[in-house]
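Asker:
Residue numbers (this note's numbering): 15 to 230.
#1: Beta-carbon within less than 8 Å of residue 147's beta-carbon, same chain only, minus the 5 sequence neighbours each way: which residues are those?
#2: To the nearest angstrom, report how far apart residue 168 and residue 187 are at their CA atoms.
#3: Could you name the residues that DSSP lists as bridge partners for residue 21?
#4: In terms of alpha-carbon separation, which member of 97, 141, 43 lies closest to residue 66?
#5: Which residue from 189, 37, 127 puts its Cα closest to that of residue 92?
#6: In this structure, how does DSSP classify residue 127 when only helix, strand and coil are distinguished?
#7: Sorted by chain position, which residues of the same chain lie with C-beta nearer than 7 Å to residue 35's C-beta, five sequence neighbours on each side aside?
#8: To the nearest angstrom, report how far apart residue 129 and residue 194 are at their CA atoms.
#9: Can you tell me the Cβ-Cβ gap for residue 163 and residue 100, rounded? I've got them flagged as a contact below 8 Å.
#10: Among 81, 42, 39, 31, which has the Cα closest to the Cα of residue 116?
#11: Shorter than 8 Å, the distance from the beta carbon of residue 168 to the closest heavy atom of the ligand MN, or not?
#12: Residue 102 and residue 227 look like a contact to me (Cβ under 8 Å); what is the Cβ gap, rounded to whole Å?
#13: Given this structure, state the Cα-to-Cα distance separating residue 198 from residue 70, to the nearest angstrom.
#14: Taking buried to mean at least 16 other C-beta atoms within 10 Å of its own C-beta, is residue 180 buried or exposed?
#15: Using the Cβ count rule (16 or more neighbours within 10 Å means buried), how would you classify residue 87?
#16: State buried or exposed for residue 160, treating a residue as buried only when at least 16 other CB atoms are found within 10 Å of its CB.
#17: With H, G and I counted as helix, E and B as strand and the rest as coil, what does DSSP make of residue 114?
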């Protein structure tokens with residue numbers, strides 16, 4: 015966010031008082047910028063630093079994050095901590111050839127079948143150990159900040175206990191790049207429903223528009 019500078023709103027709760035606050039994101043000002051380097055820095059629990067997307071008004075607009083590792087790694091865990099509410103639907107993908115081709119790693123959605131044509135919490139067998147699953151876990155609106163999405167690439171895969179002798183799983187966890195695609199936020203009305211202050215809509219040309227962003 016911040017190119018050009020833009021206003022964004024977020025939720026805050028102190029001593030039981032729930033409010034929506036608004037600030038400016040300005041990429042040219044280090045004090046109010048939210049660059050991609052904040053994705054992997056060391057967080058101060060009292061002053062979280064987060065990358066933040068541009069504002070968007072279409073809730074079905076995909077927002078994509080890509081992390082290039084520059085060589086092959088075995089990825090056993092992917093963890094995302096959010097400063098914004100967690101998305102209602104998102105996918106994690108991997109590439110083994112430096113971004114030329116992508117395969118799904120994991121999906122999260124409260125509507126797995128509708129969003130990704132996947133059942134919710136399917137069972138993995140030895141015949142489909144390289145299949146991406148979809149789960150409605152980690153898709154709750156709350157907490158509105160600080161929520162976590164944690165994906166263990168080997169969890170529930172039958173050969174995980176014998177990983178060193180499983181070429182299938184060794185291939186499954188190998189990646190040169192990781193991509194996260196945020197597909198749908200929680201509806202603005204759900205985020206605003208229990209909060210005081212502004213109603214979360216931006217005035218533009220006399221029209222009221224719902225505004226969204228992701229922050230990790």
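Heads up, the beta-carbon is just placed ideally off N, CA and C, and yes, glycines get one too.
Answerer: So, to answer that:
#1: Taken in chain order, the residues that qualify are 120, 121, 132, 135, 136, 138, 170.
#2: Approximately 8 Å between the Cα atoms of the pair.
#3: Beta-bridge pairing by DSSP links residue 21 to 38.
#4: Of the candidates 97, 141, 43, 97 places its Cα closest to the Cα of residue 66.
#5: Taking only the C-alpha atoms, the option nearest residue 92 is 189.
#6: Note: residue 127 maps to helix in three-state DSSP.
#7: So the qualifying residues of the chain are 23, 24, 26.
#8: When rounded, the distance between both Cα atoms is 15 Å.
#9: Indeed, because the Cβ distance is near 6 Å, the residues count as touching under 8 Å.
#10: Nearest C-alpha to residue 116 among 81, 42, 39, 31: 81.
#11: The ligand content of the structure shown is nil, which means the ligand MN is not present either.
#12: Incorrect: roughly 14 Å between the Cβ atoms, too far for contact.
#13: About 11 Å.
#14: Residue 180 comes out buried.
#15: It counts as exposed.
#16: Label assigned to residue 160: exposed.
#17: Residue state, collapsed to three classes: coil.
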